[in-house]
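*Asks:* In terms of the working numbering, the sequence shown opens at residue 134 and continues consecutively.
Glycine included, every Cβ here is placed at the ideal spot set by N, Cα and C.
Here the structure is a predicted model, which is why all the values come from computation and not from measurement.
The structure under discussion is supplied below as structure tokens; questions concerning it will follow.
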Amino acid sequence: MIRNDIKQISAYPVPERDGMIRLDAMESPYGLPDTLRAEWLKTLAEVEINRYPDSGMRDLRERLAERENVAPEQILIGNGSDEIIQMLLIAAEPGTCVFPQPTFVMYELISRWLRRPTASMPLERDFSLSAEQFLKLCAREKASIAFLACPNNPTGNLWPEETVRRIAEGFRGLLILDEAYAPFSERSHVGLVSEHVAVLRTFSKIGWAGLRFGYLIGEARFVEHLNKVRLPYNVNALTQASARLFLRHFDVFEEQARCIRAERGRVTAALMALEKVTVFPSQANFVLVRVPGADEVFEHLLARGILVKNLSRAGGLLSDTLRITIGTREENDRLLAALKEVLE
Ligand SMILES: *Cc1c(COP(=O)(O)O)cnc(C)c1O
């Protein structure tokens, strides 16, 4: 009844997190300020949930277009950017999907659902990426679509501008620049959007993870075609109403992102001071560290009520690594204290 290759896939594991300090999933640690929360509840109370949501979302696309300095026709909104990745892999010409390794797992996973072949370009030991090698792989595979997370997850680094530009110029297929971490990064690539380059954005990492709201910026013609594989009511009415309100108060989320960037600097410095820890500089809201005996360190943190992401089982470049999402100042202090305890 179920395809054999689907049976072989292991489901994405979501750990038990009740009562834990959650530094595992790149969520914002901050909730809504009280006044905004009160206004939000009033807004939600007015939503007519007996009606289908607005399918075209013209007003939201206009808002986002204004923020990004593009035309509303260049914006497509998804139920999280994950959904847009799926739409892209449905709509792109048949052919291999190429991405660096390690990177965000959904590019590979959704390709497999859709029986699209994949090929990955291993990163160097310092997590850098050679544009020439990447382009060679794309040519050899006759790739029709490629993803570059900028900054990359789970490594946290941002490819140099020159690397991204050379890949954008040299690749003839569809290049998707996934900017899930743009709010924490020094650079965006909206300027590279062209007939074969599009940029993905999401507000999940800056406080909206539970709403599921992401968008793509591309050329109007491209967006028009991609829109044909969008489910008619993909973004629900509560999320649309929330997004309308929150986009009017976006300074709240920008300020929270500033706090996370500042905390990232503080946490990075404190981790670097720990002798056994190798810290990989990050432009995202998490830091990747390498620490001997990462499995035991992970278990020790867990016993202290702190959940991080243990990537060591992936092996290779990720052996003995933990990915730590930046939390509130207090949460970060608890993490640093628990790490010191286990490493000393
Ligand atoms: C978290 C993440 C996403 C998914 O974001 P949603 O909008 O929550 O679906 C996409 N790309 C990368 C690189 C991510 O880390």
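With a CB to CB cut of under 6 angstroms and the five nearest residues on each side skipped, what residues in its chain are close to residue 342?
*Replies:* Closer than 6 angstroms at Cβ, skipping near neighbours: 160.
*Asks:* Contact check, residue 313 vs residue 286 under 8 angstroms by CB: the rounded distance?
*Replies:* Correct: roughly 7 angstroms between the Cβ atoms.
*Asks:* Once DSSP output is grouped into helix, strand and coil, what is the label at residue 182?
*Replies:* If DSSP states are grouped into helix, strand and coil, residue 182 belongs with coil.
*Asks:* Using CA coordinates, which residue listed in 330, 372, 187, 339 is at the minimum distance from residue 212?
*Replies:* When each option's Cα is compared against that of residue 212, the closest is 372.
*Asks:* Under the rule that 16 or more other beta-carbon atoms within 10 Å means buried, what is residue 415, buried or exposed?
*Replies:* Classification of residue 415: buried, given that the 10 Å Cβ count is 16 or more.
*Asks:* What do you get for residue 322, buried or exposed, if any count of 16 or more other CB atoms within 10 angstroms of its CB means buried?
*Replies:* It counts as buried.
*Asks:* Just the C-alpha distance for residue 147 and residue 158, rounded to the nearest angstrom, thanks.
*Replies:* Residue 147 and residue 158: Cα-Cα distance of roughly 10 angstroms.
*Asks:* Taking 7 angstroms as the cut-off, is the C-beta of residue 318 nearer than that to any heavy atom in ligand 1?
*Replies:* Residue 318 Cβ: outside cutoff for every heavy atom of ligand 1.
*Asks:* With distances taken from each beta carbon to the nearest heavy atom of ligand 1, which residues come in below 5 angstroms, in chain order?
*Replies:* Cβ-based neighbours of ligand 1 within the cut-off: 213, 214, 215, 237, 282, 286, 311, 313, 335, 337, 347.
*Asks:* Tell me which residues share the same chain as residue 331 and place their Cβ nearer than 7 angstroms to its Cβ, disregarding the 5 neighbours each side in the sequence.
*Replies:* Here the set comprises 309, 349, 350, 351, 355.
*Asks:* Going along the chain, which residues of its own chain have a beta-carbon closer than 7 angstroms to the beta-carbon of residue 366, five neighbours each way excluded?
*Replies:* Once the five neighbours on either side are set aside, the close Cβ partners of residue 366 are 185, 186, 188.
*Asks:* Do residue 281 and residue 297 have their CB atoms nearer than 8 angstroms?
*Replies:* Result yes, Cβ atoms of residue 281 and residue 297 sit closer than 8 angstroms.
*Asks:* Could I get the ranges of all uninterrupted beta strand (DSSP E) runs contained in the stretch 305-359, with 3 residues as the minimum, in chain order?
*Replies:* As far as the stretch 305-359 is concerned, its whole beta strand (DSSP E) runs of at least 3 residues are 307-311, 330-335, 347-350.
*Asks:* So if DSSP puts residue 443 in a beta bridge, which residue, or which two residues, is it bridged to?
*Replies:* For residue 443, which the question treats as bridged, DSSP gives the partners 455.
*Asks:* According to DSSP, which residues form a beta bridge with residue 420?
*Replies:* Looking at the DSSP assignment, residue 420 forms a beta bridge with 457.
*Asks:* Is it true that the stretch 425-433 meets the stretch 453-461, where meeting means three or more beta-carbon pairs spaced less than 8 angstroms apart?
*Replies:* Yes, since at least three Cβ pairs between the stretch 425-433 and the stretch 453-461 fall closer than 8 angstroms, the two stretches touch.
*Asks:* Whole angstroms are fine: how far does the CA of residue 246 sit from the CA of residue 528?
*Replies:* As shown, the chain starts at 134 and ends at 477. That puts residue 528 outside it, with no answer to give.
*Asks:* Let me check one thing: in DSSP terms, what residues is residue 161 bridge-paired to?
*Replies:* Answer by DSSP bridge pairing: none, since residue 161 is not bridged.
*Asks:* Give the single residue among 259, 470, 441 whose Cα lies nearest to the Cα of residue 149.
*Replies:* Comparing Cα positions, the closest option is 441.
*Asks:* Mind checking who residue 168 pairs with in its DSSP beta bridge?
*Replies:* Partner(s): none; residue 168 has no beta bridge.
*Asks:* Alpha carbon to alpha carbon, how far is residue 194 from residue 205?
*Replies:* Computed Cα separation, rounded: 5 angstroms.
*Asks:* Along the chain, where does the alpha helix (DSSP H) that runs through residue 271 open and close?
*Replies:* Start and end: 264-273.
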